[in-house]
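Notes to accompany the following structure.
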Amino acid sequence: MIKDKDNATLEDVLQPGTHMIAAGYCMYGSSCTLVLSTGNGVNGFTLDPSLGEFILTHPNIKIPNKGKIYSVNEGNARNWDAPTAKYVERCKFPQDGSSPKSLRYIGSMVADVHRTLLYGGIFLYPADKKSPNGKLRYADA
């Protein structure tokens, strides 16, 4: 929480996640979607251009327990460590007789995570030889 709105400090911004009062993201495309949590669940809203307002279209979003999708940039596979490569291989070719997972990778973290939130599955951006600490980035507005 920012103590003095006219004089925000780095300390104000670098608070632990337990102090967050809201989190969300917005996606633009054929429709404009806003996903927001204020601490009591997650809700999805879609912009109605004729009204100029966001309408609640996805109330109380919950990640499904089982997902059939994995999302990873397989173009980087040759740089992954052995456990990551083995996990992705098991997604594609399960040894337990279950159905393989489907690869869906857009390359936009927000879009990939949004799909995972709605339909379940897993999003990976693993560390690799080129980026030993991974490459997930964040943006703020």
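The sequence shown begins at 27 in the numbering used here and counts up by one. C-beta atoms are modelled at their ideal positions from N, C-alpha and C, and glycine is treated no differently. Please read these numbers as outputs of a predicted model, since none were measured by experiment.
query = From the DSSP output, which residues share a beta bridge with Cys58?
reply = Cys58 is bridged to Tyr54.
task = Name the residue from Asn105, Ser57 and Gly93 whose alpha carbon lies nearest to the alpha carbon of Gly78.
result = When only C-alpha atoms are compared, the closest one is Ser57.
inquiry  = Along the chain, where does the beta strand (DSSP E) containing Thr72 start, and where does it finish?
reply    = Start and end: Val68 to Asp74.
Unbroken stretches of the beta strand (DSSP E), 3 residues or longer, contained in the segment 100-154 = With a minimum length of 3 residues, there is no unbroken run of beta strand (DSSP E) contained wholly in the segment 100-154.
ask   = Where does Thr213 sit, in a helix, a strand or coil, going by DSSP?
value = The structure shown has nothing for residue 213, since the chain only spans 27 to 167.
ask   = Just reading off the beta strand (DSSP E) that His84 is part of, what are its end residues?
value = Segment Glu79 to His84, the beta strand (DSSP E) holding His84.
inquiry  = For Ile87, list the residues DSSP reports as bridge partners.
reply    = Ile87 is not bridged to any residue.
key: Separation of Thr35 from Pro109, as counted between CA atoms   = In a straight line, the C-alpha of Pro109 is about 41 Å away from that of Thr35.
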